[in-house]
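**Q** The structure is given below, and queries will be raised subsequently.
Protein chains: 2
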Amino acid sequence: MALGKDYAQQQCSIARALEVVGERWTLLIVRDAFYGVRRYSDFLAHLGAPRAVLAARLQALVDAGVLDRRRYQESPPRDEYVLTGRGLALWPVLWALGAWGRAEVPGSLPMRAFHHADCGTELGPSGECPACRVLVAPADVEMRPGAGLDLDPAEPVARALLAPRRLLTPLEPAAHQERREPSRTAVRPT
Amino acid sequence: MALGKDYAQQQCSIARALEVVGERWTLLIVRDAFYGVRRYSDFLAHLGAPRAVLAARLQALVDAGVLDRRRYQESPPRDEYVLTGRGLALWPVLWALGAWGRAEVPGSLPMRAFHHADCGTELGPSGECPACRVLVAPADVEMRPGAGLDLDPAEPVARALLAPRRLLTPLEPAAHQERREPSRTAVRPT
DNA sequence: GGTCTGGGTTCAATGAACGAACCGACGTGA
DNA sequence: TCACGTCGGTTCGTTCATTGAACCCAGACC
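Below is the structure:
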C-alpha cells in the first residue's frame, strides 16, 4: 500500500495509525460503520466512493482487524461489515475530528448532536457526559440531527440517518425500499 | 483539491475536518509542528516527503489557518511555520490517533511517552493527567523517548527529538550542525 | 427463461505523488 | 570579485492511485 512505503519508517504511533486509517475514504467508512451502516451497497450509496475503492478499503479494514466481515444470511449469501473491538477503539479519533470540524472549520453549522443515551445530556468536548461525568462509549451515544443538516436528502441512507438513533444500531433494510416509492415518474430510456 | 470534490457534499463535521487535514502527509506535518519543527528543511528531512508535496501542504495549512507563516529573520529572509490556535486545537486528534496506534496496531512498542510537565505523571488514555485530573494542554506536555524508538537515527531532526522535551518548543538551529561533524568521510563525486 | 439485486471486478482516463534536477536570493570565504 | 554553499522552493517526467463506467456472476423471483 502506498502509505506503508513511506510511513513505515516513521518512528511514531501516529504514523502507524495513519497507515491503517489514513487513506482516502477510510475514516469515512469507519464513521459510517459507527452510524450503523453495514452493507456494501449502503456504504456505496452514502459515501459516493468508487466501487473499486470501497471494496479495497473494506478489505483492508478487515485485514487490519478494524472491521469484521460476517455472513448474515445464507440464501443468497450476504455479508456485512461490523466494527470489531479495535474498530470501536477508533471512536475517540472520530470524535476528536468531528469536534475539530465543528469548532474550527469556518462557516459550518453543527451537522449532528451527540447525546448520552442514558440521560439525554449533550456530550462535552472530549466525548464525556457532563452530567454523569463518565466517558460515554459509542454504544451509549444517541445521534440527533443538527441545524446544518439537510432535512430532505435524496440519498436513502442519509435519509435513514436523519432520525435520532443510537450509534452502532444497524440500518434496517426498510431504508432500501423507501427510495423506490417516489419513482413512479422514473426516467425510462428508450 | 481532490478531497474537496467528494467530501464537500458530505453532511458531516468529520468530513469537513478531513478536507483540511485528511490528505497524505498533512497530519504528520501537524504532528511535527507539535514536536517543535518549524522550518521547511526540517519538515523535509524528518518526514521524507517530496519537496513539492511538502510545499503544497504547508501552503494549504496556512490557507486553512492551521499554520501561520512568519518571518523570523530578515537577512537572508527566512520564514517559519508555527501552529495557530486552530492548529493547536488539533492536539486531541493527534493524541487519539497516537493512542490508537499504540494500543491497537499489533506488534508495536510505544515510541514515545507523554508526561504532564508540571508533575511528571504520564498522561492517561484521553490525554489527561491522572494525578492532577486536568486535561493537559500541549504546551504542558513533556515528550520522552519510549522503548520502541531508534536511539541512533541517521536523520538529524529525529536525533534532536530524542531528548526529553516539551511540546511546541522550537528545534534549536544547533540540530543542523550536528549532522556534518561525522561527515569527514563524506562521499565526493568525481 | 428473463429479469432483478447485491456485491463485486475490469479497464481506460485522469489526477496526484514521487524524486531528481534546476533555480534564485542571499551569505561566506578566498 | 568570484566561486561555493544554504535555504526554500519550482519544474518536470515517471509512476502510482483514484475515478467512473461497464461488465460479471450467483442467487431469488416470477
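Here the protein sequences come in this chain order: A and B. So the first sequence is residues 38 to 227, counted in this note's numbering. So the second sequence is residues 38 to 227, counted in this note's numbering. By construction, the Cβ of each residue, glycine as well, lies at the ideal position given by its N, Cα and C atoms. Because the structure is a prediction, the values reported are computed rather than measured.
#1: Three Cβ pairs or more, each shorter than 8 Å: is that satisfied between the region 107-127 of chain B and the region 61-75 of chain B?
#2: Between which two residues does the beta strand (DSSP E) containing leucine 104 (chain A) stretch?
#3: Going by C-alpha to C-alpha distance, which of A:Trp62, A:Gln48, A:Tyr44, A:Leu65 sits closest to glutamate 56 (chain A)?
#4: Judging by CA-CA distance, which residue of B:Glu141, B:Ala93, B:Ala101, B:Leu172 is the nearest neighbour of isoleucine 51 (chain A)?
#5: Using a C-beta cutoff of 8 Å, does serine 112 (chain B) count as contacting chain A?
#6: How about alanine 201 (chain A): is its C-beta nearer than 8 Å to some C-beta of chain B?
#7: Name, please, each residue of chain A whose Cβ falls closer than 8 Å to the Cβ of glycine 135 (chain B).
#8: What's the gap between the Cα of glycine 183 (chain A) and the Cα of arginine 149 (chain A)?
#9: As a quick exercise: from A:Gly138, A:Ala92, A:Leu98, A:Leu134, pick the residue whose alpha carbon is nearest that of threonine 121 (chain A).
#10: So is leucine 160 (chain A) in contact with chain B if we call contact Cβ pairs under 8 Å?
#11: Which residues in the same chain have their Cβ closer than 7 Å to the Cβ of proline 162 (chain B), if we skip the five residues on either side of it in sequence?
#12: How many angstroms separate the CA atom of histidine 83 (chain A) from the CA atom of glutamate 209 (chain A)?
#13: Report back the beta-carbon spacing between arginine 123 (chain B) and serine 145 (chain A) to the nearest angstrom; my notes put them in contact at under 8 Å.
#14: In its own chain, which residues sit with a C-beta less than 7 Å from the C-beta of leucine 104 (chain B), not counting the 5 before and 5 after it?
#15: Say whether chain A places a C-beta atom closer than 8 Å to the C-beta of aspartate 187 (chain B).
#16: So cysteine 169 (chain B) and aspartate 155 (chain B) are supposed to be a Cβ contact under 8 Å. How far apart are they, rounded?
#17: What residue range does the alpha helix (DSSP H) around leucine 98 (chain B) cover?
#18: According to DSSP, which residues form a beta bridge with leucine 172 (chain A)?
#19: Quick one: list the residues of chain B neighbouring leucine 95 (chain A), beta-carbon separation under 9 Å, in chain order.
**A** Taking the geometry as given:
#1: yes
#2: Leucine 104 (chain A): member of the beta strand (DSSP E) spanning 104-110, first to last residue.
#3: A:Tyr44
#4: From the listed residues B:Glu141, B:Ala93, B:Ala101, B:Leu172, the smallest Cα separation to isoleucine 51 (chain A) is found for B:Glu141.
#5: no
#6: A small correction: the amino acid at residue 201 (chain A) is proline; alanine does not occupy that position in the sequence shown. False, the Cβ-Cβ gap to chain B never drops below 8 Å.
#7: Cys49, Ser50, Ile51, Ala54
#8: 4 Å
#9: A:Leu98
#10: no
#11: Ala136
#12: 15 Å
#13: So it is not a contact: roughly 13 Å between Cβ atoms.
#14: Ala70, Leu95, Leu98, Tyr118, Val119, Leu120, Thr121, Gly124
#15: yes
#16: 7 Å
#17: Leucine 98 (chain B) -> alpha helix (DSSP H) spans 88-100.
#18: In the DSSP assignment, leucine 172 (chain A) forms a beta bridge with A:Glu165.
#19: Ordered by position in chain B, no residue passes the 9 Å Cβ test against leucine 95 (chain A), which lies about 17 Å from the chain.
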